[in-house]
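Visitor: Under the working numbering, the sequence shown has 98 at position 92, and the numbering climbs by one with no breaks.
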Amino acid sequence: MARPQPPPWVHAAVLLCLLGLGGAIEIPMDLSQPPTITKQSVKDHIVDPRDNILIECEAKGNPAPSFHWTRNSRFFNVAKDPRVSMRRRSGTLVIDFRSGGRPEEYEGEYQCFARNKFGTALSNRIRLQVSKSPLWPKENLDPVVVQEGAPLTLQCNPPPGLPSPVIFWMSSSMEPITQDKRVSQGHNGDLYFSNVMVQDMQTDYSCNARFHFTHTIQQKNPFTLKVLTTRGVSERTPSFMYPQGTASSQMVLRGMDLLLECIASGVPTPDIAWYKKGGDLPSDKAKFENFNKALRITSVSEEDSGEYFCLASNKMGSIRHTISVRVKAAPYWLDEPKNLILAPGEDGRLVCRANGNPKPTVQWMVNGEPLQSAPPNPNREVAGDTIIFRDTQISSRAVYQCNTSNEHGYLLANAFVSVLDVPPRMMSPRNQLIRVILYNRTRLDCPFFGSPIPTLRWFKNGQGSNLDGGNYHVYENGSLEIKMIRKEDQGIYTCVATNILGKAENQVRLEVKDPTRIFRMPEDQIVKRGTTVQLECRVKHDPSLKLTVSWLKDDQPLYIGNRMKKEDDSLTIFGVAERDQGSYTCVASTELDQDLAKAYLTVLGRPDRPRDLELTDLAERSVRLTWIPGDDNNSPITDYVVQFEEDQFQPGVWHDHSKFPGSVNSAVLQLSPYVNYQFRVIAVNEVGSSHPSLPSERYRTSGAPPESNPSDVKGEGTRKNNMEITWTPMNATSAFGPNLRYIVKWRRKETRETWNNATVWGSRYVVGQTPVYVPYEIRVQAENDFGKGPEPDTVIGYSGEDYPRAAPTDVKIRVLNSTAINLQWNRVYSDTVQGQLREYRAYYWRESSLLKSLWVSQKRQQAGFPGDRLRGVVSRLFPYSNYKLEMVVVNGRGDGPRSETKEFTTPEGVPSAPRRFRVRQPNLQTINLEWDHPEHPNGILTGYSLRYLPFNGTKLGKQMVENFSPNQTKFTVQRADPVSRYRFTLSARTQVGSGEAVTEESPAAPNEATPTAAYTNSQPDVVTQGWFIGLMCAVALLVLTLLIVCFIKRSRGGKYPVREKKDVPLGPEDPKEEDGSFDYSDEDNKPLQGSQTSLDGTIKQQESDDSLVDYGEGGEGQFNEDGSFIGQYTVKKDKEETEGNESSEATSPVNAIYSLA
7 MARPQPPPWV
17 HAAVLLCLLG
27 LGGAIEIPMD
37 LSQPPTITKQ
47 SVKDHIVDPR
57 DNILIECEAK
67 GNPAPSFHWT
77 RNSRFFNVAK
87 DPRVSMRRRS
97 GTLVIDFRSG
107 GRPEEYEGEY
117 QCFARNKFGT
127 ALSNRIRLQV
137 SKSPLWPKEN
147 LDPVVVQEGA
157 PLTLQCNPPP
167 GLPSPVIFWM
177 SSSMEPITQD
187 KRVSQGHNGD
197 LYFSNVMVQD
207 MQTDYSCNAR
217 FHFTHTIQQK
227 NPFTLKVLTT
237 RGVSERTPSF
247 MYPQGTASSQ
257 MVLRGMDLLL
267 ECIASGVPTP
277 DIAWYKKGGD
287 LPSDKAKFEN
297 FNKALRITSV
307 SEEDSGEYFC
317 LASNKMGSIR
327 HTISVRVKAA
337 PYWLDEPKNL
347 ILAPGEDGRL
357 VCRANGNPKP
367 TVQWMVNGEP
377 LQSAPPNPNR
387 EVAGDTIIFR
397 DTQISSRAVY
407 QCNTSNEHGY
417 LLANAFVSVL
427 DVPPRMMSPR
437 NQLIRVILYN
447 RTRLDCPFFG
457 SPIPTLRWFK
467 NGQGSNLDGG
477 NYHVYENGSL
487 EIKMIRKEDQ
497 GIYTCVATNI
507 LGKAENQVRL
517 EVKDPTRIFR
527 MPEDQIVKRG
537 TTVQLECRVK
547 HDPSLKLTVS
557 WLKDDQPLYI
567 GNRMKKEDDS
577 LTIFGVAERD
587 QGSYTCVAST
597 ELDQDLAKAY
607 LTVLGRPDRP
617 RDLELTDLAE
627 RSVRLTWIPG
637 DDNNSPITDY
647 VVQFEEDQFQ
657 PGVWHDHSKF
667 PGSVNSAVLQ
677 LSPYVNYQFR
687 VIAVNEVGSS
697 HPSLPSERYR
707 TSGAPPESNP
717 SDVKGEGTRK
727 NNMEITWTPM
737 NATSAFGPNL
747 RYIVKWRRKE
757 TRETWNNATV
767 WGSRYVVGQT
777 PVYVPYEIRV
787 QAENDFGKGP
797 EPDTVIGYSG
807 EDYPRAAPTD
817 VKIRVLNSTA
827 INLQWNRVYS
837 DTVQGQLREY
847 RAYYWRESSL
857 LKSLWVSQKR
867 QQAGFPGDRL
877 RGVVSRLFPY
887 SNYKLEMVVV
897 NGRGDGPRSE
907 TKEFTTPEGV
917 PSAPRRFRVR
927 QPNLQTINLE
937 WDHPEHPNGI
947 LTGYSLRYLP
957 FNGTKLGKQM
967 VENFSPNQTK
977 FTVQRADPVS
987 RYRFTLSART
997 QVGSGEAVTE
1007 ESPAAPNEAT
1017 PTAAYTNSQP
1027 DVVTQGWFIG
1037 LMCAVALLVL
1047 TLLIVCFIKR
1057 SRGGKYPVRE
1067 KKDVPLGPED
1077 PKEEDGSFDY
1087 SDEDNKPLQG
1097 SQTSLDGTIK
1107 QQESDDSLVD
1117 YGEGGEGQFN
1127 EDGSFIGQYT
1137 VKKDKEETEG
1147 NESSEATSPV
1157 NAIYSLA
C-alpha cells in the first residue's frame, strides 16, 4: 500500500502558481498598439504534396494589422497567383492545387510582415519544403555467400526522402527479422551479423522504408544468404564493424539527442560496454539501446562533451573504440526582448542577449528594416545588444526586431515600444471567489494596466498595512502569492493599482477548504483465483465540496464490469481472475484537489501446464522424462504428478505413475514390461493443479513373465450346487506380456484329492455339481506368452448354500414394558443351517387392540439378531395391544422354516397429547378452553390435568391445577384482572400416568380494553339459533342409533375374558408374574386380561413399524440382559394405525361416542 504523490497541477491553487509570475503586462486591445505576431508556422515547414499548402501567420494590434509576404527575400505578390490566397483577417497563406499545379514550384523561404500605423512585426523565415518518398532503384541482388562464423553487413541504402524514412527489416513474406545481440539493425539502417550461423539461411532479408507524410512503405529486393559450413567454427577476438578503426569524432547540437553506436563481430558474440573518459555517464540522461550497442544521451549540454569509448569483449579478448564528442549550439536566449510600455517622457531599454557555439551575432531592426537605414532618433541609443530610450515621446512608437544567429541557426524576436498615457484599470472580473486547499501554496491574480506602469498594493479585510513579506510575496505583475494557506488566511483581499493619473482597485474573496485525504488506504493483498477481494478507500474531505471516488488499474481508468462492485468506500472484486492482478489506485477528488492511494493485488492462480516433454536415457525398465515448467502464477509449484496411458488394456485412460517435488523438472521413471507408455505431467501448487501437459512420444518396453498373480481371489456359491471363483484382473502394468490368462485350480479342503484346473481369459470361473456349503482350496496363477507367474497363494472358498432346515425352538417371551419385549430361544444344530448363519429373525404383527372398536394394521414387521445369539429385545411396540410372533434362522440363501406362533399382549401406556387445544378470549372477564381427545390413548383414559398461571411480562403469578373427567373437553377460566395473560398446560391420563402435555397462551390483544372482534359480546350466540338446535337434534339421534348397534355387537363378539385386577398390585405368589413382567410359554399363551403399569411408569407409546433392532442390531445396545430399559424412544407416527378410547369394562355413552369419532 502506498500513497502516490499527486502531480503539481492537482490543486487549483497550485495551478495558478504555474502561470508566468513575471510575465509582461499586456496592453488592452481597446488601446492603440503596434502589431504582435501571435501564430506562425515552424521554421522548417514540410508539407504533404497531396494536400493544399498552409503557411500560417496571425497577428494582433490596434488598429488591426495588414499582412504581406516575401519569398526568398523578395516581395511575394499574392494577388497575381490564382492558386494563392490569404485568409480573411489573417496573414495565413493558402496555396490550392485542386485545379492543378506542382507543389514543388512553391518551395522556398517565406517571411510574413504584419503592419499598422504604429509599426511592423516580422515572422520567422519559414523554409517551405515538399515531402518526398522516391522509389527504390530496381536492382538484381546475387545470393550473399558467407562462411559460417564470419561477420556480415547487409546494406540498406534507402532512397533519400524528406523527412528521412523509418527503416526496418523483414522477410519477403513480411515476417519481422528477429534481432538480438548477434543480429541487429544499425542506426544507418544496415543489418549487422556479428557472426553468421547456419540457421540464418532459413529466411531472406528485405530492407523496408516507411515514409511519414505519404504513409507508404518501399521494399528493397530481398537478400538471400548461402552459408558455407565447416567442421567446427573457430573462435575469434572481437573487431568493430561500425565505426571503423579505433577512434572517431562526432558533433551534436545543444538540446539534441546524442547517439553513439558500436557494433562488433567475433565468436562468441561480443558484449558491449560504454564508458566516459574522466567521469561517469550521466545517469539521468543516458540509456542503452539495441542490445547495448548504442548509447543515447538526451538533451545534451556543453558538459556532455568529451571522450566516450565502447568496449567489445568475449572470452577471446577485447577491443575498444574512442569517440570524441563536441557539443555546438545554435543561438539560445539569455534575455529575450520584451514589449516596452512607457509614458511620455519616461526612459526604458530593450535587451537582446543570446548565447551559442560559436558566439552568435546580434542585428537590430525597426519595423522590418535594418536599424542603420532607419531615420535617426535622438532619444534612442544602441549599445551592442541593448537599445536605450530616453525621454520617449509619442513619435517613438515602433516594432523592433532582434535577430541573433550563427552557423547553426538563428533567433528572431519582436518587441514593440508603445508610448501611452493611461490611468490604472483592472483587467479581471470584479469580486472573484477563489477557493483553495489548506496548507497549499496559492496565488491571487490582479491583472491591471496603466501608463505609467502603476504600483500595486494588497490589503486584507480592509486593513491598512500592505501585504508583502513573510507568508506573502507580491510579483512584478501584481500577483500576490501566499506560500502556505492557513485557516486565518480566509477573507477578502483588495488590490489597489496607482499611478500619477489615478488609481483602480479590485477585490478577491478567498475561501480555505479542508484537504481531501484518504485515511484508510487500500492494502497490498495476495489472493487465490476465484475468491472475493475488497479494497478499502475511506476518504475525509471538505463537506462543501463534491467528492468523486474513482479507481485506476495499472494507472489506467478501471472499467467496472459485472464482477466488480464499486461503493463509496471500497471496491469489491468477485471471482478474482489472473487478469485482475496489478496495481489499483484509489483517486479521491474534488473540484479543488485530490488524493491518491495505491495497492498491489497479487493473484495466486493454478500453474500453467508444463511443456516440451522429452524422453531420454531409454532403458529396458526405465526412462528419463524431462519437461519445461510453466508459469507458477505467483504460487510456487510444490509437486509434479507424472501420469501414463497405455493403448492395450485401457486406451485413453490416464493413471498416476509417480509424484516429484516442485523443484525438479527431470525424473527417472521405473517401467513395467510390455507396456506402450505415453506420459504427461501436471503441476500442482497451493491453489490447485494445472491442465495436463501435452503427451510425450510413446515408448514400448519388452515383455517378460508375470511377476505377480491376481488379487482378491474369492470362492462363493451362487447356487446350492456350484461355486463361483472370482478375482481382480491384472492391469496393463502387471501383465508383462501378450495374451494374459489365468490358470484356476481348486479341490475340496482336507480331502487331499487331486487339483482340478482350467485356463481362463476373464475374471471368473464357475465350478458345478458341488455339495452344499463345503470348503474348497483355490489357486489362481497368471500366465502370458513369456511364461507363468510365481506360485499363487491358496485361498479358502465355499460352495453354495441351501435354505436352513430347522427353526428355533423353545421360544420364550417376557414383556418388559408397554412397548418392548425380551425374546429367548434355543439355537439350531449347525448342520441344519446349510450355510453361514447370518442371524435369527423374529417376524411379528399386531393382531388387535384391547380397545375393541379400534381397527389396526396387521402388517408384518421383523427384528433381526445377527450371529449365533440366544436372546434379544423387540421394541417400539404399540401399548395395550395383542401381538403374534414367529422366529426363523437366516443364512446367505434366505429364511428357514418358521417356529411355532407365539402370542403376547402389551400393557397400558401413557396417552399422547390432547389434540386441537384451543384458547379463546370472548371478553375481558373469561377465557374459554376447548380440546379434543388424544389421538393415541394407549389405554383407558382416566381424565385430564390442567395447570395454568397468569403472567405479565416476566412477572409470574400463582400456578393453579384443575383435574377433569375423561368426558370433559371444555373449561372456562375467570380472569383475575384484565391485564395479565395466561399460560395453560394440558395433559391426558391413564392409570399408568400422565402423557405428553400441550401448552398454549391466551391471546394478547392489541388494545387490552377492547376484546378481539372475533369474540365480542355483540356477536349473536350461535347456540340460540334455530338451525343449530335442529342440527344438534339430528346428530343426537344418529349417535343414539350407533350406540345401540355397538352395544349389541359388543355383547355378541367379546373375544377375551376380563380379569378384574386393575388396582391389585403384583405379588410373588403369582407363578406367571415375576419382577413386573409376564412370561409366555408353550403351555400358557393366554392374553393379558388386565392393564399393567410399565416398569418405569414413564415410557411413551412408540408409533412405528420399526423395532429397536433396526437401530441397535437387535436391541442389545438399549436393554441389559435382564431386560431393564436404558434408552429413550423416538416417536414416529404410523399412518396406517389409529387409536380410539374404549374401556374393557361397561361402556359409557361418552366413551362410546369417543371411540366412534
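Every residue, glycine too, gets a C-beta built ideally from N, C-alpha and C.
From this set, T907, A625 and L418, which residue's C-alpha is nearest W851's C-alpha?
Guide: Among T907, A625 and L418, the Cα nearest to that of W851 belongs to T907.
Visitor: Could you pull out every unbroken beta strand (DSSP E) segment of at least 3 residues lying fully inside the stretch 534-582, listed in chain order?
Guide: Counting only runs of 3 or more, we get 539-542, 544-546, 554-559, 570-573 and 576-579.
Visitor: Kindly confirm or deny that the stretch 491-499 and the stretch 568-575 touch, where touching means at least three C-beta pairs closer than 8 Å.
Guide: No contact exists between the stretch 491-499 and the stretch 568-575.
Visitor: Alpha carbon to alpha carbon, what distance is there between E487 and A336?
Guide: Their backbone Cα atoms lie some 36 Å apart in a straight line.
Visitor: For A605 versus T522, is the C-beta spacing smaller than 8 Å?
Guide: It is not a contact, given that the beta carbons lie outside the stated cut-off.
Visitor: Could you compute how far the alpha carbon of P430 sits from the alpha carbon of S457?
Guide: Taking the straight line joining both Cα atoms gives about 7 Å.
Visitor: Given this structure, state the Cα-to-Cα distance separating P41 from D560, to the nearest angstrom.
Guide: So the two alpha carbons sit approximately 49 Å from each other.
Visitor: Within the continuous beta strand (DSSP E) that includes A421, where are the two ends?
Guide: Looking at the DSSP string, the run of the beta strand (DSSP E) that includes A421 is G415 to V425.
Visitor: Which residues bound the alpha helix (DSSP H) around S740?
Guide: Per DSSP, S740 belongs to the alpha helix (DSSP H) from A738 to A741.
Visitor: Quick one: which unbroken beta strand (DSSP E) runs of 3-plus residues sit fully inside the stretch 78-126? Chain order, please.
Guide: Listed in chain order, the complete beta strand (DSSP E) runs (minimum 3 residues) inside the stretch 78-126 are 80-82, 90-92, 99-101 and 114-122.
Visitor: Please list the segments of the beta strand (DSSP E) lying wholly inside the stretch 296-341, counting only runs of 3 or more residues, in order along the chain.
Guide: If we require 3 residues or more, the beta strand (DSSP E) runs fully inside the stretch 296-341 come out as 300-303, 312-320 and 323-341.
Visitor: Assuming T410 and C358 form a contact by the criterion Cβ under 8 Å, report the distance between their Cβ atoms to the nearest whole angstrom.
Guide: Right, the Cβ-Cβ distance comes to about 7 Å (below 8 Å), so this counts as a contact.
Visitor: In angstroms, rounded to a whole number, what distance separates the CA positions of T304 and N467?
Guide: Each residue's Cα considered, the two are about 51 Å apart.
Visitor: So is W767 buried or exposed if we call it buried at 16+ other beta carbons inside 10 Å?
Guide: Exposed, by the Cβ-count rule.
Visitor: Mind checking which residues open and close the beta strand (DSSP E) that includes L891?
Guide: Run containing L891: S887 to N897, per the beta strand (DSSP E) assignment.
Visitor: Is DSSP giving L356 helix, strand or coil here?
Guide: Three-state DSSP puts L356 in a strand.
Visitor: Does DSSP put F1164 in a helix, in a strand, or in coil?
Guide: In this structure the chain extends from 7 to 1163, so residue 1164 is not present and cannot be described.
Visitor: Return the chain-ordered list of same chain residues with a C-beta closer than 6 Å to the C-beta of E1122, the five sequence neighbours on each side being excluded.
Guide: Here the model assigns E1122 a pLDDT of 38, short of 50, so the residue's position is not dependable, and the following value carries that caveat. Answer for E1122: no residue qualifies.
Visitor: Taking a contact to mean a Cβ-Cβ separation below 8 Å, would you say G638 touches K665 in this structure?
Guide: It is worth fixing the name first, because residue 638 is Asp in this sequence and not Gly. No. Outside cutoff.
Visitor: Are the beta-carbon atoms belonging to R535 and V609 less than 8 Å from one another?
Guide: In contact: R535 and V609 (Cβ atoms closer than 8 Å).
Visitor: Could you check which residue in I827, P903, M893 and N828 has the C-alpha nearest to that of T838?
Guide: Considering only alpha carbons, the answer is P903.
Visitor: Please state whether DSSP places D451 in a helix, a strand or coil.
Guide: Looking at D451 - three-state DSSP - the assignment turns out to be coil, as it is neither helix nor strand.
Visitor: Taking a contact to mean a Cβ-Cβ separation below 8 Å, would you say T948 touches T996 in this structure?
Guide: The answer is yes: Cβ separation under 8 Å.
Visitor: Should H547 go down as buried or exposed, given a rule of 16 or more other Cβ atoms within 10 Å for buried?
Guide: Buried.
Visitor: My understanding is that N715 touches V786, with C-beta atoms under 8 Å, so please give their C-beta distance in whole angstroms.
Guide: With 8 Å as the limit, N715 and V786 qualify as a contact, their Cβ atoms being about 6 Å apart.
Visitor: May I ask whether a heavy atom of the ligand MG can be found less than 7 Å away from the beta carbon of S330?
Guide: Absence of the ligand MG from the depicted structure is noted, as is the absence of any ligand whatsoever, leaving it without description.
Visitor: On the three-state DSSP scale, how would you describe R852?
Guide: Reduced to three states, the DSSP call for R852 is strand.
Visitor: Skipping 5 residues on each side, what residues in its chain have a beta carbon closer than 6 Å to that of D186?
Guide: Same-chain partners within the cutoff: there are none.
Visitor: Might you give, ordered along the chain, the residues of its own chain that have their beta carbon closer than 7 Å to the beta carbon of S178, omitting 5 neighbours on each side?
Guide: These residues qualify, in order along the chain: D210, S212 and P228.
Visitor: Assuming D718 and T739 are in contact, meaning their beta carbons sit under 8 Å apart, how far apart are those beta carbons, in whole angstroms?
Guide: With 8 Å as the limit, D718 and T739 do not qualify as a contact, their Cβ atoms being about 17 Å apart.
Visitor: What is the rounded straight-line gap between the Cα of L955 and the Cα of A1003?
Guide: Roughly 15 Å separates the two Cα atoms.
Visitor: What do you get for L700, buried or exposed, if any count of 16 or more other CB atoms within 10 angstroms of its CB means buried?
Guide: Answer is exposed; the Cβ neighbour count stays below 16.
Visitor: Among the residues of its own chain, which have a CB less than 7 Å from the CB of P777, if the five just before and after it don't count?
Guide: Around P777: S805.
Visitor: Look up M35 in the DSSP assignment and say whether it is helix, strand or coil.
Guide: Residue state, collapsed to three classes: coil.
Visitor: According to DSSP, simplified to helix, strand and coil, what is M203?
Guide: M203: coil per DSSP, three-state reduction.
Visitor: Quick one: Cα of A764 to Cα of G803, how far?
Guide: Answer to the nearest angstrom: the Cα atoms are 17 Å apart.
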